[in-house]
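Visitor: What follows is a single structure, and I will ask about it in a moment.
In my numbering, the protein residues as written are 129 to 471.
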């Protein structure tokens, strides 16, 4: 199904799908950064558990659904959505500064936008949403989180079915329209051949490569990219030579003012990053200096976004108290109150 015309009315019933899908994308990135920084498993589990619990808190989800069906309901603005997701993402031990939140926001919106670009029918929106929920259930799984995710899926399915065909199409089109204003270049999408240098999306020429991702849109793209990269490296030991060819590094041509001799893997990677130096999240290049940077460079899970900061033993007591007071129950009520004021 093609995206609706710009004159089509935007449907507030899209609110819950926008927030849940972006929130799940945020969890993917947070999980990647926790692993890249080699955060202890117990702290990582707590962060993922806390963020999931707040994002999918039943009363919060129900407030989004019920509020969107009022006669004076309004579609969430980008600022409202960003504000809520910032609170949700920082409800646990994790801290985000303004720059870090901007990076997280760009990844959330652009990857979700690409997923809807690949989709062709309104029912793909529900498929993407369920894949998102299934994927976050596999992050440090436990019975309580499985129950919460199953409850969320049942709630969204009931809501979707109750909307009927016309509203379903409108919700799908509204999700696409809501994302149209975002046009950030993401290095992962560009390397995969899914995004052009002007920020627009492409249908890759390599259909088998494209189908690997398109057939499971909504899954954790960072984890899938790592898995497929490892598989490809095992099948194609000369993959670095192919990358060098893509970068127009002619190993047989004599040097003419530039060193065009054969390059090792590290040199090729550096050349690649320099070529795309203006892309947001060039992997490994924009990380903060210090011990964490070296950890990120060693990690196969690094996604190039350095933003997760956890409390340490030296954290001031006031900071610990402030974080502890931002419990999921209090935060949930704050978000529900915020949403009720939008109508």
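Backbone N, C-alpha and C fix where the C-beta goes; we use that ideal spot for every residue, glycine too.
Quick check: what's the CA-CA separation for residue 241 versus residue 177?
Guide: Straight-line Cα distance between these residues: approximately 26 Å.
Visitor: Indicate the three-state DSSP secondary structure (helix, strand or coil) for residue 323 in the structure shown.
Guide: Residue 323: strand per DSSP, three-state reduction.
Visitor: Where DSSP assigns a beta bridge to residue 329, which residues make up the other side?
Guide: Beta-bridge pairing links residue 329 to 323.
Visitor: Can the beta-carbon of residue 265 be found closer than 8 Å to that of residue 273?
Guide: Their beta carbons are under 8 Å apart, which means residue 265 touches residue 273 by this criterion.
Visitor: For the alpha helix (DSSP H) containing residue 185, list its first residue and its last residue.
Guide: Careful: residue 185 lies outside any alpha helix (DSSP H) and carries neither H nor E.
Visitor: From residue 195 to residue 243, what does the alpha carbon distance come to, in whole angstroms?
Guide: Whole-angstrom Cα-Cα distance: 26 Å.
Visitor: Go through its chain and collect everything with a Cβ distance to residue 353's Cβ below 8 Å, but skip five positions before and after it.
Guide: Once the five neighbours on either side are set aside, the close Cβ partners of residue 353 are 316, 320.
Visitor: Does the beta-carbon of residue 156 have 16 or more other beta-carbons within 10 angstroms, so that it is buried, or is it exposed?
Guide: Counting Cβ neighbours within 10 Å, residue 156 comes out buried, since at least 16 surround it.
Visitor: In whole angstroms, give me the CA-to-CA distance for residue 117 and residue 154.
Guide: Because the chain is modelled from 129 through 471, residue 117 falls outside the range shown and cannot be assessed.
Visitor: Within the same chain, show all residues whose beta-carbon is closer than 7 Å to that of residue 246, passing over the 5 residues directly before and after it, in chain order.
Guide: Excluding positions up to five away in sequence, the list reads 342, 345.
Visitor: Let me make sure I understand the geometry here. Which of 250, 147, 290, 279 has the alpha-carbon closest to that of residue 262?
Guide: Checked all of 250, 147, 290, 279; the closest Cα to residue 262 is 279.
Visitor: Any contact of the segment 250-257 with the segment 194-213, i.e. 3+ C-beta pairs under 8 Å?
Guide: They do not touch, by the three-pair rule.
Visitor: Suppose contacts are defined by Cβ-Cβ distances below 8 Å. Is residue 175 in contact with residue 220 by that definition?
Guide: Cβ atoms of residue 175 and residue 220: closer than 8 Å.
Visitor: For residue 178, which of helix, strand or coil comes out of DSSP?
Guide: Residue 178 falls in the helix class under three-state DSSP.
Visitor: Out of 229, 182, 237, point me to the one whose CA is closest to residue 216's CA.
Guide: The option with the nearest alpha carbon to residue 216 is 182.
Visitor: To the nearest whole angstrom, what separates the beta carbons of residue 478 and residue 250, a pair I think is in contact under 8 Å?
Guide: With the chain covering only 129 through 471, there is no way to say anything about residue 478.
Visitor: Is the beta carbon of residue 179 less than 8 Å from the beta carbon of residue 146?
Guide: Not closer than 8 Å, so no.
Visitor: Applying the criterion that 16 or more other CB atoms from any shown protein chain within 10 Å of the CB defines a buried residue, is residue 302 buried or exposed?
Guide: Residue 302 comes out buried.
Visitor: Please list the terminal residues of the continuous alpha helix (DSSP H) segment that includes residue 216.
Guide: Here the alpha helix (DSSP H) through residue 216 covers 206-217.
Visitor: Taking C-beta to C-beta, are residue 193 and residue 144 nearer than 8 Å?
Guide: Yes, Cβ-Cβ distance for residue 193 and residue 144 is below 8 Å.
Visitor: Could you spell out the range, first to last residue, of the alpha helix (DSSP H) harbouring residue 260?
Guide: Unbroken alpha helix (DSSP H) run through residue 260: 250-265.
Visitor: Considering residue 305, what are the terminal residues of the alpha helix (DSSP H) in which it resides?
Guide: Here the alpha helix (DSSP H) through residue 305 covers 271-307.
Visitor: Can you tell me the Cβ-Cβ gap for residue 234 and residue 312, rounded? I've got them flagged as a contact below 8 Å.
Guide: That pair is a contact at about 4 Å.
Visitor: Please classify residue 419: does DSSP put it in a helix, a strand, or coil?
Guide: Because residue 419 carries a pLDDT of 32, less than 50, the predicted location of this residue cannot be relied on, and the following value inherits that uncertainty. It is helical.
Visitor: Looking at the secondary structure, which residues open and close the alpha helix (DSSP H) in which residue 161 lies?
Guide: From DSSP, the alpha helix (DSSP H) with residue 161 extends over 143-164.
Visitor: Put residue 453 into one of helix, strand or coil per three-state DSSP.
Guide: Caution applies to residue 453, whose pLDDT of 43 falls short of 50 and renders its modelled position unreliable; the value that the coordinates give is listed next. Residue state, collapsed to three classes: helix.
Visitor: Is it the case that the Cβ atoms of residue 140 and residue 184 are separated by a distance below 8 Å?
Guide: No; because the gap between Cβ atoms is not below 8 Å, this pair is not in contact.
Visitor: To the nearest angstrom, how far is the alpha carbon of residue 335 from that of residue 166?
Guide: Spanning the two alpha carbons is a distance of roughly 35 Å.
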